[in-house]
Structures are given as structure tokens and as C-alpha cells.
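What follows is one structure encoded as C-alpha cells, with my remarks underneath.
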Amino acid sequence: MHGSNRKTGPMTTAIHAGETPDTATGASAPAIHMSSTFISEDVSGFSAHDLTPESPYAYARWANPTVAMLEAKIAALQGAEECLCTASGMAAASAIFFTFLQKGDHAVVSDVSYAGVAELARDTLPRMGVDVSVVDMSNPENLARAIRPNTRLVHSESPANPIGRLSDLAAISKIAHDAGALHSTDATFASPLGQDAIGLGVDLVMHSTTKYIGGHGDAVGGAVAGRADLIRKLRLEASIHHGGILSPFNAWLIARGAATLPLRLKAHQAGAMAVAQWLEDQPSVTKVIYPGLPSHPQYDLAQKQMTNTSGMISFQVGGVEDGERIARDMIDKLKIVHYAVSLGHHRSLIFWMETAGLMKTSFRLEGAQTQSYRAFAGDGIFRLSVGLEDAEDIIADLDQVL
Ligand SMILES: *Cc1c(COP(=O)(O)O)cnc(C)c1O
Numbered sequence: 012m013h014g015s016n017r018k019t020g021p022m023t024t025a026i027h028a029g030e031t032p033d034t035a036t037g038a039s040a041p042a043i044h045m046s047s048t049f050i051s052e053d054v055s056g057f058s059a060h061d062l063t064p065e066s067p068y069a070y071a072r073w074a075n076p077t078v079a080m081l082e083a084k085i086a087a088l089q090g091a092e093e094c095l096c097t098a099s100g101m102a103a104a105s106a107i108f109f110t111f112l113q114k115g116d117h118a119v120v121s122d123v124s125y126a127g128v129a130e131l132a133r134d135t136l137p138r139m140g141v142d143v144s145v146v147d148m149s150n151p152e153n154l155a156r157a158i159r160p161n162t163r164l165v166h167s168e169s170p171a172n173p174i175g176r177l178s179d180l181a182a183i184s185k186i187a188h189d190a191g192a193l194h195s196t197d198a199t200f201a202s203p204l205g206q207d208a209i210g211l212g213v214d215l216v217m218h219s220t221t222k223y224i225g226g227h228g229d230a231v232g233g234a235v236a237g238r239a240d241l242i243r244k245l246r247l248e249a250s251i252h253h254g255g256i257l258s259p260f261n262a263w264l265i266a267r268g269a270a271t272l273p274l275r276l277k278a279h280q281a282g283a284m285a286v287a288q289w290l291e292d293q294p295s296v297t298k299v300i301y302p303g304l305p306s307h308p309q310y311d312l313a314q315k316q317m318t319n320t321s322g323m324i325s326f327q328v329g330g331v332e333d334g335e336r337i338a339r340d341m342i343d344k345l346k347i348v349h350y351a352v353s354l355g356h357h358r359s360l361i362f363w364m365e366t367a368g369l370m371k372t373s374f375r376l377e378g379a380q381t382q383s384y385r386a387f388a389g390d391g392i393f394r395l396s397v398g399l400e401d402a403e404d405i406i407a408d409l410d411q412v413l
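Below, the structure is given as C-alpha cells:
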């Protein structure tokens with residue numbers, strides 16, 4: 012099923028999709044077109060509303076050849092009809108929310124998600140007159156109960172940042188569609204190759220391309236992939252009107268990274284598996300959450316839904332004091348693993364995330380939802396993005412502090 016819409020294998024797609032050799036110069040590698048405007052061959056002005064895929068380039072906020080190259084590449088990797096690139100992952104999330112929701116609508120969002128998305132959904136959407144329900148989607152029944160007659164959008168995240176909890180994307184798609192709502196998912200942790208979100212019925216798949224797709228920690232960007240009619244609507248509203256476009260330079264960097272995504276993701280998974288297994292044997296580590304390990308509470312779902320479990324591990328070390336002490340030690344002693352936020356880069360990254368703090372600033376959960384979170388995260392977790400260094404070196408580095 013995975014990648015059923017792809018015309019070539021994933022490695023060929025990652026390298027060639029969107030790229031055509033330059034007929035003017037014969038250049039094999041894609042160019043960076045920094046031009047903000049394009050010479051017009053038509054005397055009549057045209058409105059963004061008249062824009063079609065056949066329209067010539069006019070202005071870079073509408074479309075730019077280098078950004079279009081990356082959009083075609085990500086659409087092909089995700090097995091989607093089209094893709095819109097945005098200035099950041101957050102711009103991708105706000106593009107979805109502010110294009111497909113309006114005053115009086117109801118949206119259901121995952122109770123655990125990237126913190127910025129959590130805050131956007133909890134603080135900004137209600138201010139715009141959208142009712143928001145915050146739901147633990149790891150059990151689809153919770154979603155079914157939250158649906159209302161005016162539910163227009165269901166936004167999931169799997170695996171969910173920062174705890175690695177999964178949601179059944181096919182089950183969520185069905186519930187959303189039965190209710191006449193769109194299902195958008197944040198697939199940043201999995202990348203386009205970790206799960207076939209489109210094949211599982213998702214309408215809009217968003218990514219922070221700052222993470223696995225770019226893969227080298229040197230360019231911030233975002234993307235939304237999905238059906239052509241939905242992406243065209245997004246392009247008009249979010250790109251042309253809201254204006255959060257990706258720069259051609261970043262598009263070029265991200266495309267250069269995307270070309271090796273299939274190879275990198277395999278290596279991330281192999282490295283993460285070795286590190287996760289080692290972590291499970293450490294007496295100071297009290298719990299390891301990695302979807303590739305049989306000990307993951309949703310291992311069966313991971314096996315069913317994911318084609319690559321990528322490089323994201325969460326692990327506990329006991330209480331808050333233990334976590335803070337070890338985090339301090341990491342800042343002082345780690346040589347290979349960088350103590351820093353972000354993820355999906357070739358460099359390994361680790362960051363301590365205390366549960367009480369995140370509950371207060373971002374998630375604001377109560378009762379059963381807090382318990383579900385704590386079942387994965389306890390009082391706090393280290394979020395480890397296993398990079399592409401040799402696993403033995405990552406392990407030796409962590410061994411100094413664990
Ligand atoms: C990083 C991240 C985002 C936000 O992306 P930016 O590119 O930093 O704006 C959104 N969702 C997830 C899951 C992320 O990890």
C-alpha cells in the first residue's frame with residue numbers, strides 16, 4: 012500500500028521528482044531562482060483567484076520555480092497529488108487551521124502535539140471564534156465522542172511529539188469523513204516515508220521540513236501535501252493572502268536534503284533501534300518509548316501503520332530531580348549528541364522535557380488525559396533524535412551521563 016501513488020521507487024522519487032534538467036544551460040542540478048518577479052507576456056493583470064497550475068510564474072509569493080521543484084518532490088514522496096511549501100512547520104499548521112476553519116466551526120485537535128501547534132489551537136483558534144476540543148486520539152472512540160454537527164477539521168499527530176504516542180490514522184480518517192470533516196495530520200516525526208498517511212485516508216499531511224525532510228539542521232520550512240483541490244485552496248489563502256511562503260534558498264537546501272531521505276531514514280531507524288535497545292538495559296533508565304521496540308504500548312499499531320519508525324526515542328530516568336541532574340550533566344559532558352531542541356537532523360539531538368512544565372505552558376490537560384500522557388512520559392522525558400553518527404559513538408557519549 013505504501014506509496015501506491017508513486018510512479019518510481021522511493022529512492023528514485025526522492026532524487027528525481029520535481030527536477031528537470033535546465034534546457035537553457037544543460038545543468039544537471041536544480042538552480043536556485045531567487046527572482047521575486049517574472050517578466051510577463053500578457054498585458055492584462057491577473058488576480059490570484061485566476062491562478063491555475065498552467066499559469067506562468069508572475070510573483071514569487073504565488074509560485075517560484077525552486078519552491079515548485081520541492082513541492083513536486085514532497086508530493087511525490089508523500090504519494091499526494093500536490094503540496095504547498097510554507098515558511099515553517101508552524102506556518103503549515105496555521106495555513107491548515109486558518110484556511111479550513113472559520114467562525115462558528117468546531118475543530119478536534121490531538122491533546123498531545125508539537126507545543127506550538129497545541130498553543131495555536133488552544134489560544135488563537137478560540138479567539139477567531141472556532142470551538143476547539145482537545146482529545147486523546149490514541150483511542151479513536153474519544154474522537155467519535157467529541158464529534159459535533161459543526162466539526163469541520165480533525166487534526167492528529169502520530170507519532171506525537173514529544174512522547175511518541177501513536178494514533179490510528181485510518182480509524183481517525185473514517186470518523187472524520189463520516190462526520191463530513193477533513194482529517195489533517197502532523198507527520199513530522201514519521202516523515203513522508205514513515206507511514207503512508209494519504210493511503211490511510213488522511214486529507215492533509217503536514218510536515219516541519221526543518222526536521223527529517225531537510226534533515227541537516229540548516230533550513231526552517233514546512234509543507235502540506237494532499238488532494239489538488241485542497242492544496243489549491245491553501246495556496247490561495249495561506250500562501251498568497253497570509254503570505255508565509257518558503258524562500259527559494261531554503262527550498263533548494265531542503266530539496267538537497269530530501270533527495271537522500273529514503274537512505275537517511277533507514278539509517279535513522281537502524282541507529283535508533285540500537286540506541287533504544289541499549290537504553291532499555293541501563294539501570295538509570297526507567298522507561299524507553301520507541302515505536303520499533305516490542306515494549307512500545309502500541310507496538311501492534313506501529314507494525315500495522317508505520318513502514319519506518321524513524322529516529323525519535325523518548326526515555327525516562329526517574330523523577331524530575333534525576334531528569335534535571337542528568338540534563339545538566341549532558342550539557343557539560345556530551346561531545347557528539349547536542350543538547351538542543353529540534354529533531355530529524357543528521358546530528359543527534361537531545362532535550363529534557365518536564366511534564367508539569369509542559370502541562371502548564373502548552374498541553375493544559377486534566378484527569379484521564381494527564382494519565383495517558385504520564386503513562387508515556389512520567390514526570391518528564393528525554394526526547395532523543397538519533398542522528399546518523401555511528402550508533403556505538405552515540406551510545407558511548409550517552410554512557411557518560413546515564
Ligand atoms: C518542529 C515541529 C513543528 C514546527 O515546525 P517549525 O518548522 O519549527 O515551525 C510542528 N510539528 C512538529 C511535530 C514538530 O516537530
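The sequence shown maps to residues 12 to 413 in this note's numbering. The beta-carbon is built from N, C-alpha and C at its ideal position, and this holds for glycine as well. Quick caveat, the model's predicted, so the values are computed rather than measured.
Can you tell me which residues form a DSSP beta bridge with residue i?
i: aspartate 142; result: His117
i: methionine 217; result: Asp197 and Val235
i: tyrosine 350; result: Ile361
i: phenylalanine 393; result: Phe326 and Trp363
i: tyrosine 223; result: According to DSSP, tyrosine 223 bridges with nothing at all.
i: threonine 48; result: Tyr70
Apart from the five residues on each side of it in sequence, which residues of its chain come closer than 6 Å, Cβ to Cβ, to residue i?
i: asparagine 153; result: Val146 and Asp147
i: lysine 114; result: Gly140
i: phenylalanine 387; result: Ile174, Arg176 and Ile300
i: tryptophan 363; result: Gly334, Ala338 and Phe393
i: alanine 239; result: Glu92 and Glu93
i: valine 231; result: Ser99 and Thr221
i: glycine 330; result: Asp390
i: isoleucine 158; result: Ala190
i: proline 76; result: His44
i: arginine 261; result: The sequence given here has asparagine at residue 261, not arginine. Cβ neighbours of asparagine 261 beyond the five flanking positions: Ala230 and Gly232.
i: serine 167; result: Ser121, Met148, Ser178, Ile183 and Thr196
i: tyrosine 223; result: Ser202 and Gly355
i: alanine 126; result: Ser373
For residue i, which three-state DSSP category applies?
i: glycine 398; result: coil
i: threonine 320; result: coil
i: tyrosine 301; result: coil
i: aspartate 413; result: The question names aspartate, yet the displayed sequence has leucine at residue 413. Three-state DSSP puts leucine 413 in coil, outside helix and strand.
i: glutamate 93; result: strand
i: glutamine 206; result: strand
i: leucine 241; result: helix
i: valine 54; result: coil
i: alanine 28; result: coil
i: lysine 18; result: coil
i: aspartate 408; result: helix
i: proline 76; result: helix
i: valine 331; result: helix
i: glutamate 291; result: helix
i: threonine 381; result: helix
i: aspartate 61; result: helix
i: valine 296; result: coil
i: alanine 42; result: coil
i: histidine 252; result: helix
i: serine 258; result: coil
i: glutamine 314; result: helix
i: serine 373; result: helix
i: proline 308; result: coil
i: serine 99; result: coil
i: histidine 356; result: coil
i: leucine 131; result: helix
i: leucine 276; result: helix
i: valine 123; result: coil
i: aspartate 343; result: helix
Residues in the same chain with beta-carbon distance under 8 Å from residue i, minus the five sequence neighbours each way, listed in chain order, please.
i: glutamine 316; result: Ser169, Leu177, Asp179, Leu180, Ala181, Gln206 and Leu211
i: valine 296; result: Leu290, Phe326, Gln327, Val328 and Leu413
i: glutamate 52; result: Pro67
i: threonine 110; result: Lys244, Leu245, Glu248 and Ala249
i: alanine 69; result: Thr48, Phe49, Ser51 and Phe57
i: leucine 131; result: Met101, Ala104, Ser105 and Phe108
i: methionine 12; result: Its pLDDT being 32, under 50, methionine 12 is placed unreliably by the model, and nothing is read from it.
i: valine 143; result: His117, Ala118, Val119, Val120, Ala132, Arg133, Leu136 and Pro137
i: alanine 313; result: Leu177, Pro302, Gly303, His307 and Thr320
i: proline 406; result: For the sequence presented, residue 406 should be read as isoleucine rather than proline. The answer, listed in chain order, is Ala285, Val286 and Trp289.
Can you list, in chain order, the residues of its chain whose CB lies under 7 Å from that of residue i, leaving out five sequence neighbours each side?
i: aspartate 122; result: Val145, Val146, Asp147, Phe374, Leu376 and Gln380
i: leucine 257; result: Val78, Cys96, Thr97, Ala98 and Gly232
i: aspartate 214; result: Leu193, His194, Ser195, Gly237, Arg238 and Leu241
i: leucine 164; result: Phe111, Leu112, Ala118, Ala192, Leu193 and Ser195
Ranges of the beta strand (DSSP E) found wholly within the segment 138-198, counting only runs of at least 3: 142-146, 162-168 and 193-197
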